[in-house]
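A quick write-up on the structure given underneath.
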Amino acid sequence: MITLTDKEIEEKYKISHAIKDVNAILKDYNEDKIVESIRTVLPAGEDSSMLYMPCISLTQQVSIIKTVSIFPTNKNLPTTQGNILVTDLTDGAHKATMDASYLTRLRTGAMTAIATDKLARDDAKSLGVIGTGNMAFEQVLGVVEVRDIQRIYLYNRTAEKAEAFKKRLEDFGIWADIEVIADVDELVKQSDIINCATQSKTPVYNGELLKPGTHVNGVGSFTHEMKEMDRTAIERADHIYVDDMDGVKDEAGELIDAVEAGIISWDDIRGTLADIYDKGYLRENNTDITIYKCVGAGYFDLAVAGGVMKMFA
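Going from the sequence shown to the numbering used here is simple: count from 1 and add 667.
Written out as structure tokens, the structure is:
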């Protein structure tokens with residue numbers, strides 16, 4: 668059995684690889700070649716959580732189980748840490764164990780890229796990033812992979828973290844003009860695309876301020892209590908898409924709240940990534956507000972783990 672670290676994986680496996688592999692797994696999903704269980708989320712303290720995600724690909728004859736720890740108060744360790752165990756289903760042999768922090772961020776960024784490509788305006792040039800923790804970085808990579816982003820606005824409650832995030836983007840080679848902004852309202856007014864990657868239990872922006880034509884990616888919240896988006900944003904949205912319907916019905920706090928309040932019904936969700944990944948451009952006009960909500964599912968992790976195995980086999 669091989670053991671792979673985040674660093675080893677990151678040196679070889681990039682956002683373009685992840686987008687390709689996620690698209691492939693969505694095809695398998697539509698052909699009923701995926702066997703999975705809904706993610707199990709267990710509380711591990713007042714603000715901490717443990718996540719367990721098993722999945723099987725009948726096409727690849729591979730099984731994975733991902734374990735993720737989320738400890739937002741960590742000082743000397745990453746707030747999110749993960750591991751994936753890969754099993755060969757031809758003989759039941761465990762083939763690899765790999766760090767999953769980078770892969771979790773990367774597959775989420777790839778999913779964001781697919782949704783953004785289908786839903787954001789073709790001429791979108793500005794990206795607003797609310798929350799500059801580890802998860803946010805690959806979300807930016809996903810967006811710039813599919814849109815010609817020229818301006819990036821960063822907002823974080825701790826400005827020093829936003830400044831560090833700016834430097835990280837610049838060091839990576841992101842060439843857009845990058846600005847740390849102190850007023851989240853101004854970010855919303857200026858952005859064609861907005862990425863939210865927080866674990867906030869209260870909305871992080873005012874939905875009334877979304878300009879016509881904005882596309883929003885919400886990837887941070889994953890429990891009933893977490894709500895990055897307010898009811899107004901959801902009510903104003905002309906199109907709402909999600910990564911996995913079963914997952915969002917169980918975990919997407921904002922959408923659950925909006926359904927319970929009678930603002931939308933689950934039937935108002937236009938579709939999932941599996942419904943749209945191979946479709947053309949879905950936006951009907953340049954004034955529609957679109958939302959993509961992601962909570963994650965095991966088959967997305969299987970997609971990138973399988974891609975990594977091909978590189979390191």
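Where is the CB? At the ideal position from N, CA and C, for every residue including glycine. Remember, it's a predicted structure, so these values are computed and weren't measured experimentally.
For residue i, three-class secondary structure by DSSP
i, result
"tyrosine 680", "coil"
"leucine 773", "helix"
"alanine 763", "strand"
"methionine 912", "helix"
"glutamate 902", "helix"
"glutamate 805", "helix"
"serine 768", "helix"
"threonine 670", "strand"
"isoleucine 701", "strand"
"asparagine 690", "helix"
"valine 975", "helix"
"valine 886", "coil"
"methionine 778", "helix"
"aspartate 784", "helix"
"leucine 876", "helix"
"glutamate 895", "coil"
"alanine 980", "coil"
"aspartate 695", "helix"
Among the options, the one whose alpha carbon lies nearest that of residue i
i, options, result
"glycine 929", "Ile907, Thr957 and Arg898", "Arg898"
"threonine 779", "Ala791, Val810 and Ser768", "Val810"
"aspartate 917", "Ala964, His906 and Glu951", "Ala964"
"aspartate 784", "Gly974, Ile860, Lys977 and Arg706", "Ile860"
"isoleucine 943", "His684, Asn697 and Asp673", "Asn697"
"glutamate 805", "Thr775, Gly920, Leu794 and Gly974", "Thr775"
"threonine 672", "Gln748, Gly914, Asn743 and Ile686", "Gln748"
"glutamate 875", "Ala900, Ala864, Ser858 and Cys863", "Ala900"
"asparagine 741", "Thr764, Asp714, Thr754 and Ile723", "Asp714"
"lysine 946", "Asn690, Thr670, Glu675 and Ile669", "Asn690"
"glutamate 951", "Asn873, Ala904, Ala919 and Ala829", "Ala904"
"threonine 726", "Asp695, Thr707, Val753 and Thr746", "Asp695"
"lysine 833", "Gly795, Arg814 and Val855", "Gly795"
"lysine 674", "Glu902, Tyr820, Met912 and Met765", "Met765"
"glycine 712", "Pro739, Arg706, Val813 and Leu693", "Pro739"
"glutamate 921", "Glu895, Ile751 and Tyr966", "Glu895"
"glycine 974", "Pro710, Arg706, Val729 and Met668", "Val729"
"cysteine 722", "Lys792, Tyr966 and Ser793", "Tyr966"
Bridge-paired residues (DSSP) for residue i
i, result
"lysine 733", "Met720 and Ile751"
"serine 793", "Arg818"
"leucine 709", "Met717"
Cβ-heavy atom distance, residue i to the ligand MN, below 7 Å
i, result
"phenylalanine 804", "This structure does not include the ligand MN; it has no bound ligands of any sort."
### Message
Please give the ranges of any beta strand (DSSP E) in the stretch 812-874, keeping only runs that are unbroken, at least 3 residues long and fully inside the region.
### Response
As far as the stretch 812-874 is concerned, its whole beta strand (DSSP E) runs of at least 3 residues are 818-822, 844-847 and 860-863.
### Message
Three Cβ pairs or more, each shorter than 8 Å: is that satisfied between the stretch 945-962 and the stretch 875-888?
### Response
Judged by Cβ distances under 8 Å, the stretch 945-962 makes contact with the stretch 875-888, as three or more pairs qualify.
### Message
Going residue by residue through the stretch 907-973, where are the continuous alpha helix (DSSP H) segments of at least 4 residues, counting only ones entirely within it?
### Response
DSSP runs (the alpha helix (DSSP H)) wholly in the stretch 907-973: 912-918, 920-927 and 940-943.
### Task
Evaluate the contact criterion for the stretch 920-927 versus the stretch 675-685: three or more CB pairs, one atom per stretch, below 8 Å.
No, the stretch 920-927 does not touch the stretch 675-685.
### Query
Taking contact to mean at least 3 C-beta pairs separated by less than 8 Å, is the stretch 786-800 in contact with the stretch 754-765?
Taking 8 Å as the limit for Cβ pairs, the verdict is that the stretch 754-765 does not touch the stretch 786-800.
### Query
Looking at C-beta atoms only, is the number of pairs between the stretch 693-703 and the stretch 799-808 that lie closer than 8 Å three or more?
The stretch 693-703 is not in contact with the stretch 799-808.
#### Entry: Three CB pairs or more closer than 8 Å across the stretch 896-913 and the stretch 935-948
Judged by Cβ distances under 8 Å, the stretch 896-913 makes contact with the stretch 935-948, as three or more pairs qualify.
### Query
At a cut of 8 Å, does the stretch 866-876 reach the stretch 833-844 through at least three beta carbon pairs?
In short, these stretches do not touch, since the Cβ pair count stays below three.
### Stretch pair the stretch 822-837 + the stretch 766-773: three plus CB contacts closer than 8 Å
No: the two stretches stay apart, fewer than three of their Cβ pairs being nearer than 8 Å.
#### Entry: Three CB pairs or more closer than 8 Å across the stretch 712-722 and the stretch 734-751
Enough Cβ pairs lie closer than 8 Å, so yes.
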